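Residue numbers (full-length UniProt numbering): 1 to 86.
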């Protein structure tokens with residue numbers, strides 16, 4: 001599993017996953033399902049919605065030790081999320 005840029009997530013648009021910035025996900029795809037580009041677990045975007053100057057972060061809805069984008073909980077071995085979104 002390659003380590004994607006941490007400031008992106010994948011958004012399901014018209015049945016397909018598309019990589020977008022966290023800002024775009026938070027402002028243009030507010031209601032869309034979002035997933036981590038590394039482990040494919042469902043994520044939420046934190047930060048003020050509608051404000052372009054706020055630093056946004058991505059948070060997994062369920063913790064997963066196999067995601068390299070979460071250095072505080074990463075076990076050192078990449079693996080798909082147990083509840084990965086297809």
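The beta carbon of each residue, even a glycine, is placed where N, CA and C say it ideally should be.
In this text the structure is predicted, and so the values were computed from the model without any measurement.
Within its own chain, the residues whose Cβ lies closer than 6 Å to the Cβ of residue 46, once the five positions on either side in sequence are excluded, are 57 and 59, listed in chain order.
Under the DSSP assignment, residue 14 falls outside any alpha helix (DSSP H); it carries neither an H nor an E label. In terms of Cβ geometry, residue 19 and residue 28 do not form a close pair [threshold 7 Å]. Its chain contains 21 and 22 as the residues whose beta carbon lies nearer than 7 Å to that of residue 7, once the 5 sequence neighbours on both sides are disregarded; these appear in chain order.
When DSSP reads this structure, residue 34 sits in a beta bridge with 11.
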